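Notes to accompany the following structure.
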DNA sequence: CAATATTTTGCAACCGATTGCACTAGGACT
DNA sequence: AGTCCTAGTGCAATCGGTTGCAAAATATTG
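Chains as they are written, first to last, in this note's numbering: chain A, 1 to 335; chain B, 1 to 335.
In structure tokens:
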């Protein structure tokens, strides 16, 4: 591998000049810059990231923070798609992608500590937004920069983020049901501490109110929680008027479908469902789930683009809204 | 952050001695080692990864190579679970996790090139095994080490890998069907260039032959391929004798379920299905899919443990087989 | 044309580790 | 006591970059 010294020698300049030329330092004349560039070309020069990071006290890598390992999360293809988008953008920006996960919050915090203090990673992408998240606090304490996927709870103006308009998405989904003649619609969520879920619910509520309809909501606990099934059955029998569900994730919709079928309610009751995230599996469901596509890959891609362009002491924060789209399938019937 | 010089000063030794003490160099007396260790403690010393990588010409990071971006892959929670396992092991080994993806093979190759030549990453985990994979060739050319998840096609003895016993898993699944009285069983795959699929099919074939049954197989193309549905219908009508499917991934099973239902064949024909990978979604299917759990997180974890312990010029290769387990649900009926 | 201003460049230190080799101290041996 | 080992340690170079500051080269001005 050619080093900067080789380039310097070939271009007949000193390494310092070469370095400055490479970074387009205005102190270097256009003539020498050209010479240096040519030398780089012929030697196939590529900088050593570790040397750079050492000298700069700042790595070229982007840290990616996944939410603390809940079974549910590590099973949701959403994150993998986001990762793919991040990876793509980083590839084009010549940045490395560094993963941070943890099975507990303490572990994750520690991971991040190491990445920053020992790895000199200074830019992160946080793949979720949660209320009072200690991870963000840590990041700030360590003087690291981050962009979020999802709207932040705190420092909304100072934090760069990319998100869907989840309120609008929540509305659109609800409106879709209303347009199909549904009047008694229930919103199903999982954890309202998550901004996504909260926003979608807000959107749902708005549409219901606008149409003078009653608001119903139901918390369906995560997969592994045992009594979940029972809860659904109970809810259904106590609310015979409900004809449609808006579920914050396809997975929840799928589970409701399943309960409906197994409890033999499917025969005597027709229930429509609309979900979010458009997982492959919703296509295979029966009936195939109508779902709101949120373009996770795009979310990741844009977040990474922002992250790599983050300057050392940036103060203006970029916000970007990625559109969503209802994918109509067969789980919503007209009443 | 404390540097090695600070530690050296406090321990009243030179940086070189401190460094050697930290690496348990036998040239250093136990007495000084103890002094150095105490100094490390009191200063909360932690080495700078970039400085280390620079001096060693070898990064502490593990590169993780995902398969080239086929829609199908980036949707399969399997990989996310594997990643989780890798991340966990790396956390305990104080190693960073570096992701490599690409939307084309060229892109992925380039990514890897950069990681090795500019990032000094020398240890990789390859999350799949494919016939004649140029990625592996590249890795070897670059003189990088890798451990595979899945059995390698080439250099089987020289390559460390962790895998399920997919032949056995394939047999077990087939035997499970046979035990339930099925005689006309069809194996459904996707891409036989993938070792997993090939192995599972081999296992299936063995059981069929042992039981004097006919071998049937069927290639169901990836999700996005349009005519897929038609193909299934065609196959089903041409083979009225088939009573059970063994599908190489739950997703394929789900798709077959769906066709069966939508084509109204469900009424006049009862078909059993057993899949692999035990995705969450198979639980939500109707009927819930019986599936072979392969413990992806464990696969990743073990692979990472091997990777971090890889020496600079290791020659013995570790192989590790992770067990599998049939998760019985409701998609297999007794005939 | 000398004096000064301005642009370009290079020297040398530094980032935080690792390591070959030379040096020192102490003990064993003649 | 002098010589030779051996074990333990430190010096200084190195990895491949970046950057403050001074020096050199060139341009501008009176």
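We put the CB at the ideal spot given by N, CA and C, even for glycine. These numbers were taken from a predicted model, which means no experiment stands behind them.
Subject >> Which residues DSSP lists as bridging residue 42 of chain B, in chain order >> reply: Within the second chain, the letter at position 42 stands for residue 42 of chain B. None, per the DSSP bridge assignment.
**OP:** Verify the CB distance criterion: does residue 69 of chain B have a CB-CB separation below 8 angstroms to chain A?
**Re:** In the second chain, the residue the question calls residue 69 of chain B occupies position 69. True, the Cβ-Cβ gap to chain A drops below 8 angstroms.
Original post:
For residue 148 of chain B, which three-state DSSP category applies?
Top reply: Translated into positions along the second chain, residue 148 of chain B becomes position 148. Note: residue 148 of chain B maps to strand in three-state DSSP.
**OP:** Tell me residue 128 of chain A's beta-bridge partners as DSSP assigns them.
**Re:** Here residue 128 of chain A refers to the residue found at position 128 when the first chain is read from its first residue. Looking at the DSSP assignment, residue 128 of chain A forms no beta bridge with any residue, so it has no partner.
Original post:
Count the other CB atoms within 10 Å of the CB of residue 246 of chain A; is the residue buried (16 or more) or exposed (fewer)?
Top reply: Locating residue 246 of chain A in the first chain gives position 246, where the first residue counts as 1. That one is buried.
**OP:** Could you say which of A:317, A:322, A:329 lies nearest to residue 289 of chain A if we only look at CA atoms?
**Re:** On the first chain, position 289 is the one that residue 289 of chain A refers to. Cα-wise, what sits closest to residue 289 of chain A is A:329.
Original post:
At a CB-CB cut-off below 7 angstroms, which residues of chain B make contact with residue 194 of chain A?
Top reply: The residue labelled residue 194 of chain A in the question sits at position 194 within the first chain. Per Cβ cutoff of 7 angstroms: no residues; residue 194 of chain A is ~18 angstroms from chain B at best.
Original post:
Is the segment 126–142 of chain B touching the segment 127–136 of chain A in the sense that three or more CB pairs, one from each, lie closer than 8 angstroms?
Top reply: no
**OP:** Under the assumption that residue 252 of chain B contacts residue 308 of chain B (Cβ atoms under 8 angstroms), give the Cβ distance between them as a whole number of angstroms.
**Re:** If you number the second chain from 1, residue 252 of chain B lands on position 252. If you number the second chain from 1, residue 308 of chain B lands on position 308. In fact, because the Cβ distance is near 34 angstroms, the residues do not count as touching under 8 angstroms.
**OP:** Answer yes if the segment 285–303 of chain B comes into contact with the segment 163–176 of chain B, meaning at least three C-beta pairs across the two stretches below 8 angstroms, and no otherwise.
**Re:** With the cut-off at 8 angstroms, the segment 163–176 of chain B and the segment 285–303 of chain B touch.
Original post:
How many angstroms separate the CA atom of residue 141 of chain B from the CA atom of residue 126 of chain B?
Top reply: What you label residue 141 of chain B is simply residue 141 of the second chain in a count that begins at 1. What you label residue 126 of chain B is simply residue 126 of the second chain in a count that begins at 1. The alpha-carbon atoms of residue 141 of chain B and residue 126 of chain B are separated by roughly 16 angstroms.
Original post:
If the cut is a Cβ gap below 8 angstroms, which residues of chain B does residue 107 of chain A touch?
Top reply: As a position in the first chain, residue 107 of chain A is number 107, starting the count at 1. What residue 107 of chain A touches in chain B: 91.
Subject >> Interface partners of residue 281 of chain B on chain A, CB under 7 angstroms >> reply: Position 281 of the second chain holds residue 281 of chain B. Result: 254, 281.
**OP:** State the start and end residues of the unbroken beta strand (DSSP E) segment that holds residue 161 of chain B.
**Re:** Your numbering for residue 161 of chain B matches position 161 in the second chain. 161–164 is the span of the beta strand (DSSP E), which, as asked, contains residue 161 of chain B.
**OP:** Check whether the Cβ atoms of residue 232 of chain A and residue 207 of chain A lie closer than 8 angstroms to each other.
**Re:** Taking the first residue of the first chain as position 1, residue 232 of chain A is located at position 232. Taking the first residue of the first chain as position 1, residue 207 of chain A is located at position 207. Going by C-beta atoms, residue 232 of chain A is not nearer than 8 angstroms to residue 207 of chain A.
**OP:** Could you confirm whether any beta carbon from chain B is found closer than 8 angstroms to the beta carbon of residue 270 of chain A?
**Re:** Start at 1 with the first residue of the first chain, and residue 270 of chain A comes out as number 270. Not one chain B Cβ lies under 8 angstroms of residue 270 of chain A.
Original post:
At what residue ranges does the segment 69–127 of chain B contain a whole run of the alpha helix (DSSP H), taking only runs of 4 or more?
Top reply: 77–92, 105–117
Original post:
Helix, strand or coil: how does DSSP classify residue 137 of chain A here?
Top reply: Here residue 137 of chain A refers to the residue found at position 137 of the first chain. In this structure, residue 137 of chain A counts as helix in the three-state DSSP scheme.
Original post:
Does any residue of chain B bring its CB to less than 8 angstroms from the CB of residue 9 of chain A?
Top reply: Stepping through the first chain from its first residue, residue 9 of chain A is reached at position 9. Judged by the 8 angstroms Cβ criterion, residue 9 of chain A is not in contact with chain B.
Original post:
List, in order along the chain, the chain B residues whose C-beta lies closer than 7 angstroms to that of residue 84 of chain A?
Top reply: The residue labelled residue 84 of chain A in the question sits at position 84 within the first chain. What residue 84 of chain A touches in chain B: 69, 74, 101.
**OP:** Can you give me the start and stop residues for the alpha helix (DSSP H) that residue 262 of chain B sits inside?
**Re:** Reading the second chain from its first residue, position 262 is the one you call residue 262 of chain B. Its alpha helix (DSSP H) spans residues 250–262.
**OP:** Within its chain, find whatever has a CB closer than 7 angstroms to the CB of residue 182 of chain B; leave out the 5 residues flanking it on each side and keep chain order.
**Re:** Residue numbering aside, residue 182 of chain B sits at position 182 when the second chain is read from its first letter. Excluding its 5 nearest sequence neighbours in each direction, residue 182 of chain B has C-beta neighbours in its own chain below 7 angstroms: 243, 244, 272, 335, listed in chain order.
Original post:
Which chain A residues sit within Cβ distance under 9 angstroms of residue 88 of chain B?
Top reply: Translated into positions along the second chain, residue 88 of chain B becomes position 88. Those are 69, 101, 102, 103, 107, listed as they occur along chain A.
Original post:
Using DSSP with H/G/I as helix, E/B as strand and the rest coil, what is residue 57 of chain A?
Top reply: Against the first chain, residue 57 of chain A aligns to sequence position 57. Residue 57 of chain A falls in the coil class under three-state DSSP.
Subject >> Amino acids of chain B, ordered along the chain, whose beta-carbon sits closer than 8 angstroms to that of residue 98 of chain A >> reply: One-based indexing of the first chain puts residue 98 of chain A at position 98. Close partners of residue 98 of chain A in chain B (Cβ separation under 8 angstroms): 61, 96, 97, 98, 99.
Subject >> Range covered by the alpha helix (DSSP H) that runs through residue 288 of chain A >> reply: Taking the first residue of the first chain as position 1, residue 288 of chain A is located at position 288. Counting along the chain, residue 288 of chain A falls outside any alpha helix (DSSP H), and DSSP gives it neither H nor E.
Original post:
At a cut-off of 7 angstroms, is residue 95 of chain B close to the ligand GTP when judged by its beta-carbon and the heavy atoms of the ligand?
Top reply: Annotation note on the ligand GTP: not contained in the displayed structure, which lists no ligands.
**OP:** Please report how far the alpha carbon of residue 34 of chain B lies from the alpha carbon of residue 194 of chain A, in whole angstroms.
**Re:** Position 34 of the second chain holds residue 34 of chain B. Position 194 of the first chain holds residue 194 of chain A. Looking at the two C-alpha atoms, the distance is approximately 48 angstroms.
Subject >> DSSP state of residue 155 of chain B mapped onto helix, strand, coil >> reply: In the second chain, the residue the question calls residue 155 of chain B occupies position 155. Coil at residue 155 of chain B, not helix or strand.
Original post:
From residue 171 of chain A to residue 248 of chain A, what does the alpha carbon distance come to, in whole angstroms?
Top reply: As a first step, residue 171 of chain A is located in the first chain; it is residue number 171 there, counting from the start. As a first step, residue 248 of chain A is located in the first chain; it is residue number 248 there, counting from the start. Cα-Cα distance, rounded: 12 angstroms.
Subject >> Contact under 8 angstroms by Cβ, residue 149 of chain A with residue 128 of chain A >> reply: Position 149 of the first chain, counted from the first residue, corresponds to residue 149 of chain A. Position 128 of the first chain, counted from the first residue, corresponds to residue 128 of chain A. Yes, the Cβ-Cβ distance between residue 149 of chain A and residue 128 of chain A is below 8 angstroms.
Original post:
Under 7 angstroms Cβ-Cβ, which residues of chain B neighbour residue 226 of chain A?
Top reply: Working through the first chain from its first residue, we reach residue 226 of chain A at position 226. For residue 226 of chain A, no chain B residue has a C-beta closer than 7 angstroms to its own C-beta; the minimum C-beta separation is roughly 13 angstroms.
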